[in-house]
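Q: Numbering (our numbering), first residue to last: -11 to 322. Beta carbons: idealized from backbone N, C-alpha and C, even for Gly.
1) So what's residue 207 in DSSP terms, helix, strand or just coil?
2) Please report the distance separating the alpha-carbon of residue 294 from that of residue 215.
3) Can you tell which of 140, 23, 264 has its C-alpha closest to the C-alpha of residue 73?
4) Assuming residue 9 contacts residue 67 (C-beta within less than 8 Å), just tell me the rounded distance between them.
5) Does DSSP put residue 217 in a helix, in a strand, or in coil?
6) Going by DSSP, what residue range makes up the alpha helix (DSSP H) through residue 269?
7) Give me the residue from 260, 175, 181 with the minimum Cα distance to residue 217.
8) In three-state terms, what does DSSP make of residue -9?
9) So, helix, strand or coil for residue 131, using DSSP?
10) Compute the beta-carbon to beta-carbon distance between residue 84 and residue 108, rounded to the nearest angstrom, for a pair I have assumed lies under 8 Å.
11) Let's see if you can read the secondary structure: which residues bound the alpha helix (DSSP H) around residue 103?
12) Taking residue 28 as part of the alpha helix (DSSP H), name the residues at either end of that continuous run.
13) Between which two residues does the alpha helix (DSSP H) harbouring residue 48 extend?
14) In angstroms with no decimal places, state the Cα-to-Cα distance between residue -11 and residue 232.
15) If we count Cβ pairs, one from each stretch, closer than 8 Å, do we get three or more for the segment 43 to 59 versus the segment 98 to 116?
16) What did DSSP end up calling residue 275 once you bin it into helix, strand or coil?
17) Taking the C-alpha atoms as reference points, what is the distance between residue 82 and residue 113?
18) Are the beta-carbon atoms of residue 230 and residue 252 separated by less than 9 Å?
19) Which word fits residue 35, buried or exposed, when buried means at least 16 other C-beta atoms lie within 10 angstroms of its C-beta?
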């Protein structure tokens, strides 16, 4: 059986995007939680918990965006004009976060200003990511081989819903990260917030899942037509099972499990997204094969990815291993 480079590249892009969501989601979640922890000491501990790893998390965003441009140029050419506004907003939010992360340690008088920038940038970036996802999922108007829609087509009730859903999900990741990385009163408050964001996340999952099949007839057939339903039913069942285990881990006040179970919850939702979209890279308009670069280009790029991705995974794992354990007040990044 011949190797389908296009499918391989589709999975590479999907993996890069999910890796970004996993590794930067809790980071953005901490920014979303920032206003709920007004004490300086708490905020210092929160930032110290991600200080050794936060600036490497965007590596996967670069791989996802750059890989889409290189491996699926037609999809990039169609999606970027459709998503200019949320993408630019996301990048501005990430810039604000990065600058605020460094500058808040360098000043006392203007620390609150940089805290606002950190929280605001996190909210803006998260909303923009969720809205962009919703805009892609609801469909992009394609005329010939170019984007055929308007400037504001990305802004709809569904895309706003997915934006809010991602805020809830990242908030859950941030709260469960704090459970794993902190102690004392900060950890106790993180448990309370984890319950709240878990409820909000589950509600968001239900609403988005209920709305998605009505966006396109193909989505409905994917999820509910026979015999597809036999293959798709395990996804919501797995979500329910993971939710039960996550609830029990919070009730038992465990340290590690809530965070990793939250990641599994994200993975299942991501799998559901894949069920809805595959094999389209622009839903119902352009398949991965129609958007793909020439095979020679894909082969050459695959060599670079095969070398670099294991290296990135290795140094990322090493960084997380070295800086494992709890973060105590008064220690860390300054």
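A: Here's the rundown:
1) helix
2) Straight through space, the alpha carbons of residue 215 and residue 294 are spaced by roughly 37 Å.
3) 140
4) 18 Å between Cβ atoms; not a contact.
5) In this structure, DSSP gives residue 217 a helical state, which the three-state scheme calls helix.
6) That residue, residue 269, is in no alpha helix (DSSP H); its beta strand (DSSP E) goes 268 to 270.
7) 260
8) coil
9) strand
10) 6 Å
11) 99 to 126
12) 28 to 38 is the extent of the alpha helix (DSSP H) around residue 28.
13) 47 to 59
14) Any answer about residue -11 is weak, because its pLDDT of 47 lies below 50 and its placement is not dependable; what the coordinates show is given next. For residue -11 and residue 232, the distance between alpha carbons rounds to 41 Å.
15) no
16) strand
17) 6 Å
18) In contact: residue 230 and residue 252 (Cβ atoms closer than 9 Å).
19) So residue 35 ends up on the buried side.
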